[in-house]
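Residue numbers (this note's numbering): 10 to 111.
Glycine included, each C-beta is placed from N, C-alpha and C at the ideal position.
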């Protein structure tokens, strides 16, 4: 699948804005409206893990250890390689978790 330059530009702006926000950045507002910036047929995803039960997490880790579950990411990219990561995810080559390191 081809990634369009405009889509990468928008995704890069989102990444830059979000990295400068929240607890680490000390800023609690966005300078953009993510929903309004989405291109046609685009989507926005999120993940929240602020209320994880330590008991459930420990049981999951115990299961992974007992059953030798390979929980390693399949592929790791550096932040500067975000465009490559997107190309990889949208290709037929990706399988499993992909991580972008800061």
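The beta carbons of residue 108 and residue 82 sit about 4 Å from each other, so the pair counts as a contact at 8 Å. Secondary structure of residue 104 (DSSP, three-state): coil. For residue 90, the closest alpha carbon among the candidates 58, 78, 111 and 68 is that of 111. Residue ranges of uninterrupted beta strand (DSSP E) with 3 or more members, entirely inside the region 46-92 and ordered along the chain, are 84-87.
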